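Chemist:
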Ligand code: NIG
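In the UniProt record's numbering, the protein residues as written are 1 to 409.
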């Protein structure tokens, strides 16, 4: 610590510090944060002096979760569709139109309120970085509104006009709209462009057009692919250099090899697979082949109505057969890679922003404090609320300290 930059806070009383970096897991660790960034990481015995000390009481600490795939801007209720599915109906992409109608009618104030409630819920589960998509407006004014609201509250906003062709609309005319006037309207608010490349949604040729139109405006690509059956999604994503291809339930050996040889992250969505009673995406097979795998919630009203990264990580360990370390990495640094916010040295991302999903000097001071001393409890104690506190850029944004403990502090 050569220069003084502002009040420095030392976090100590950390039983297991999961740095998700070359430093691995530090027993009895400590973290020094200053001006929203991590300045020092190491054993508590070696910790530097600080202006303030926060004792975390012997709890495990991880980087805040990076939820790299959500659909947070929507209104409407689809619980009846979910119940019908439990009674044996298949999931079909057409349910998106139900949410479209409710979202178009909701208005700015209500959509903002709903978004803020969902963000708060995610933060209460240890999430500090959120990507969200548009894609339930599906006309120019509604997509613009969704993108604008999202950009006010979320770092990474993705334009998903190509989520579904609205009912009674010609598909080619709709793709023209997405690639032209709709893209014009959302462009100031978004960093990413996405397409649902799937039978019943958009064809390979249409998907390529959408991603190319976004690229012309400087937007980076992402793809929903291979969710409902084998298809071209992975191939398109890899060929066009998308940052991530998400779902990846039905992948061929060629798809796996192409992903392993690329920089494209494969994002698995375990809560979605459970909600649709689909076979879980082959995360183990992908990791074994050398693919970078991220885990995200896919929060949406149709297939995955959860903000809980804790649940997704626990499921990845219990059902997808990832080790705890693999699951934590998938939900932190690999999610950050899917958003191009991963650490490529000095704790900065390729755009010079502080990296997310890792506890190293220079990265954002985003810390997820668990209620327990051992992070394995994420899988060992399924369904139990595991988040004790969430810190984002050094600020406590969620605190679950029970009342009886607060009065004792
Ligand atoms: O990721 N696959 C496309 N989009 C969502 C489902 C959206 C919906 O059914 O409302 C998904 O599963």
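For glycine and all other residues, C-beta sits at the position ideal for the given N, C-alpha and C. Bear in mind the structure is a predicted one, so any value in this text is a computation, not a measurement.
State the Cα-Cα distance for the pair residue 360 and residue 50, rounded to the nearest angstrom.
Modeler: If I take the Cα positions, the gap works out to 17 Å.
Chemist: By the three-class DSSP mapping on this structure, what secondary structure does residue 133 have?
Modeler: The answer is strand: DSSP assigns residue 133 an E or B state.
Chemist: Between which two residues does the beta strand (DSSP E) carrying residue 178 extend?
Modeler: No beta strand (DSSP E) contains residue 178, which DSSP labels as neither H nor E.
Chemist: To the nearest angstrom, how far is the alpha carbon of residue 207 from that of residue 195?
Modeler: Going by the C-alpha atoms only, they are around 6 Å apart.
Chemist: CB-CB under 7 Å to residue 39, same chain, minus the five flanking residues each way: which ones, in chain order?
Modeler: So the list reads 1, 8, 32, 33 and 361, once near-sequence residues are dropped.
Chemist: Below 8 Å, how does it come out for the region 75 to 93 and the region 381 to 392: are there three or more Cβ pairs, yes or no?
Modeler: With the cut-off at 8 Å, the region 75 to 93 and the region 381 to 392 do not touch.
Chemist: Check whether the Cβ atoms of residue 248 and residue 264 sit closer than 7 Å, and answer yes or no.
Modeler: Against a cut-off of 7 Å, the Cβ pair of residue 264 and residue 248 comes out as no contact.
Chemist: For a quick check, are the C-beta atoms of residue 10 and residue 29 less than 7 Å apart?
Modeler: Their beta carbons are not under 7 Å apart, which means residue 10 does not touch residue 29 by this criterion.
Chemist: Within the region 95 to 157, note down every full alpha helix (DSSP H) run reaching 4 residues or more, in order along the chain.
Modeler: DSSP runs (the alpha helix (DSSP H)) wholly in the region 95 to 157: 96 to 106, 108 to 123 and 140 to 153.
Chemist: Buried or exposed: where does residue 43 fall if 16 or more other Cβ atoms within 10 Å of its Cβ makes it buried?
Modeler: Flag for residue 43 reads exposed.
Chemist: Residues bridged to residue 222 by DSSP?
Modeler: Answer by DSSP bridge pairing, in chain order: 194 and 244.
Chemist: Secondary structure at residue 2, three-state DSSP: helix, strand or coil?
Modeler: Reliability fails at residue 2, whose pLDDT of 39 lies under 50, so the model's placement of it is uncertain and the value that follows must be treated cautiously. Three-state DSSP puts residue 2 in coil, outside helix and strand.
Chemist: Give a yes or no on contact between the region 345 to 365 and the region 304 to 314, applying the rule of three or more CB pairs nearer than 8 Å.
Modeler: Counting Cβ pairs under 8 Å, fewer than three are found: no touch.
Chemist: To test your reading of the DSSP string, which unbroken alpha helix (DSSP H) runs of 4 or more residues are found completely within the region 315 to 359?
Modeler: Listed in chain order, they are 324 to 331 and 333 to 338.
Chemist: Since residue 108 and residue 145 are thought to touch, with beta carbons under 8 Å apart, how far apart are those beta carbons, to the nearest angstrom?
Modeler: The pair is a contact, with the Cβ atoms about 6 Å apart (cut-off 8 Å).
Chemist: Where does residue 206 sit, in a helix, a strand or coil, going by DSSP?
Modeler: Of the three classes helix, strand and coil, the one that applies to residue 206 here is helix, per DSSP.
Chemist: What's the call for residue 3, buried or exposed, on a 16-neighbour Cβ count within 10 Å?
Modeler: For residue 3, the predicted model reports a pLDDT of 48, less than 50, meaning its position is unreliable and no value from the coordinates is stated.
Chemist: Does the distance from the CB of residue 291 to the CB of residue 259 come in under 7 Å?
Modeler: It is a contact, given that the beta carbons lie within the stated cut-off.
Chemist: Could you give the DSSP three-state label for residue 284: helix, strand or coil?
Modeler: Residue 284 falls in the helix class under three-state DSSP.
Chemist: If contacts are defined as beta-carbon pairs under 8 Å, then residue 284 and residue 322 qualify, I think. What distance do you get, rounded to the angstrom?
Modeler: So it is a contact: roughly 7 Å between Cβ atoms.
Chemist: I want to check one thing, is the minimum distance from the CB of residue 95 to the heavy atoms of ligand 1 below 6 Å?
Modeler: It does: the Cβ of residue 95 is within 6 Å (strictly closer) of some heavy atom of ligand 1.
Chemist: Report the three-state DSSP secondary structure of residue 90 (helix, strand or coil).
Modeler: In this structure, residue 90 counts as coil in the three-state DSSP scheme.
Chemist: For residue 280, which of 261, 289, 288 and 318 has the nearest alpha-carbon?
Modeler: Of the candidates 261, 289, 288 and 318, the one whose C-alpha sits nearest the C-alpha of residue 280 is 318.
Chemist: Figure out for me which residue from 202, 57 and 191 has the closest Cα to the Cα of residue 217.
Modeler: Closest by alpha carbon: 191.
Chemist: For the pair the region 146 to 166 and the region 120 to 137, tell me if three or more CB-CB distances fall below 8 Å.
Modeler: In short, these stretches touch, since the Cβ pair count reaches three.
Chemist: Is residue 303 a contact residue of ligand 1, with contact defined as CB to any heavy atom under 6 Å?
Modeler: Answer for residue 303: yes, Cβ within range of ligand 1.
Chemist: Going along the chain, which residues of its own chain have a beta-carbon closer than 6 Å to the beta-carbon of residue 154, five neighbours each way excluded?
Modeler: Result list for residue 154: 130 and 132, in chain order.
Chemist: Where does residue 264 fall in DSSP's three states?
Modeler: In this structure, residue 264 counts as coil in the three-state DSSP scheme.
Chemist: My assumption, with CB atoms under 8 Å, is that residue 65 sits in contact with residue 19. Please give the rounded CB distance.
Modeler: Residue 65 to residue 19, Cβ: 15 Å. No contact.
Chemist: Is residue 300 near ligand 1, with its Cβ less than 6 Å from a heavy atom?
Modeler: Residue 300 Cβ: within cutoff of ligand 1.
Chemist: When every heavy atom of ligand 1 is checked, does at least one fall within less than 6 Å of the C-beta of residue 196?
Modeler: Residue 196 Cβ: within cutoff of ligand 1.
Chemist: So the candidates are 276, 61 and 331; which of them puts its Cα closest to the Cα of residue 85?
Modeler: Selected option, being the one with the closest Cα: 276.
Chemist: Beta-carbon within less than 6 Å of residue 81's beta-carbon, same chain only, minus the 5 sequence neighbours each way: which residues are those?
Modeler: Hits under 6 Å: 95.
Chemist: Hey, out of 106, 179 and 224, whose CA is closest to residue 412's CA?
Modeler: The structure shown has nothing for residue 412, since the chain only spans 1 to 409.
Chemist: Here's the rule: buried if 16 or more other CB atoms are within 10 angstroms of the residue's CB, otherwise exposed. What is residue 266?
Modeler: Its Cβ being crowded by 16 or more others within 10 Å, residue 266 is buried.
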